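Residue numbers (full-length UniProt numbering): 1 to 303.
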């Protein structure tokens, strides 16, 4: 779902005996965000995060047990090394004393201890390898969890399937819009009543034709819903009111997305999360446009 391009529209209509200038404004169209689906997705992500954390706790305990076992094996390795060295010294003393049988027994015991020493070394290497693999698996799971949460919170400006899409007009269109507003304000007072009183069926049909021609010339889909929503307007104030109504829905939807996004973010992560910052920028922009529309409507009402 998306909010299509915020488009600057300026239309000039020429009829018999009158020139009607339609003031440029901003068109912003929004499609509804399914709040229930979004809530379900966020709850599912939160559940997966809790499950992953529980599994990570179990894996961490296993790593700790492996580390403890490896430390015990190292201590046993030291004791075996000391015992083997003592047996070697005793065997040397027995040989010097002429006790060959005793020396032979001592050397046989030393051989067994050396075999146990080799087995302990192999066990230590295996435990260290398992610990390293488990630690690597924990890091991988954490990265996958962060990536999953970030991708589900992603609200890209250029993604047509994202919940929100905002496209600002180019600087060229802004320049055209500002010039058109100045031209409209500089028109004489004789033309202004004609603009406000041009509500006849012929004037409406001409406005509809101009809108259709503008949309086709700019490669915009000329669908029936868009045209029907515009043909129901009888004045510029009605048009501003219609735009404000759409923006009100946009503001509510963005606020809802922010509200549910905060459910899966820690309090210290919210100010620094780039997705939350983008949502706040979008919300501020929508509110700023609505304030401008309110001022424009008040100005039109006072004329």
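Cβ coordinates follow ideal geometry from the N, Cα and C atoms, glycine included. It should be emphasised that the depicted structure is a prediction, and the values quoted were computed from it without experimental measurement.
* Asked: Straight-line CA distance for residue 146 to residue 53?
  -> Cα to Cα, the separation comes out at about 12 Å.
* To do: State the DSSP-derived secondary structure class of residue 101, mapped to helix, strand or coil.
  => Secondary structure at residue 101: helix, using DSSP grouped into helix, strand and coil.
* Cβ neighbours of residue 94 in the same chain (closer than 8 Å, five flanking residues each side left out) -> 100, 102, 103, 106
* Using CA coordinates, which residue listed in 69, 277, 130, 108 is at the minimum distance from residue 257? -> 277
* Would a C-beta distance cut-off of 8 Å place residue 63 and residue 135 closer than the cut-off? -> yes
* Straight-line Cα distance separating residue 113 from residue 57 -> 38 Å
* **Burial state of residue 73 (16 or more Cβ within 10 Å)** => buried
* Use the C-beta contact count for residue 253: other C-beta atoms within 10 angstroms, 16 or more gives buried, fewer gives exposed. => buried
* To do: Excluding the 5 residues preceding and the 5 following residue 35 in the sequence, name in chain order all residues of the same chain whose CB lies nearer than 6 Å to its CB.
  => Hits under 6 Å: 256.
* Roughly how many angstroms lie between the CA atoms of residue 86 and residue 50, to the nearest whole one? -> 54 Å
* How many angstroms separate the CA atom of residue 165 from the CA atom of residue 238? -> Confidence is the limiting factor: at residue 165 the pLDDT is only 45, short of 50, which leaves the residue's position unreliable and the question unanswerable from this model.
* Please state if the CB of residue 66 and the CB of residue 117 are separated by a distance shorter than 8 Å. => no
* According to DSSP, is residue 292 helix, strand or coil? -> helix
* Does the beta-carbon distance from residue 77 to residue 141 come in below 8 Å? -> No, these two residues do not count as a Cβ contact at 8 Å.
* To do: Would you grab the beta carbon distance between residue 243 and residue 293 for me? Rounded to a whole angstrom, and I think it's under 8 Å.
  => 6 Å
* CB contact check: residue 130 to chain C, cutoff 8 Å -> This model lacks chain C altogether; it includes just one protein chain.
* **Of the residues 144, 275, 240, the one placed nearest residue 295, counting alpha carbons only** => 240
* **Burial state of residue 132, where buried means 16 or more other Cβ atoms lie within 10 Å** => exposed
* Out of curiosity, what's the CA-to-CA distance linking residue 143 and residue 236? -> 53 Å
* Asked: Using the C-alpha atoms, what's the distance from residue 251 back to residue 39?
  -> 18 Å
* Asked: With burial defined as no fewer than 16 other Cβ atoms inside 10 Å of the residue's Cβ, what is the status of residue 88: buried or exposed?
  -> exposed
* From the DSSP output, in three-state form, read off residue 303 for me. => Residue 303 carries a coil assignment under DSSP once its states are collapsed to helix, strand and coil.
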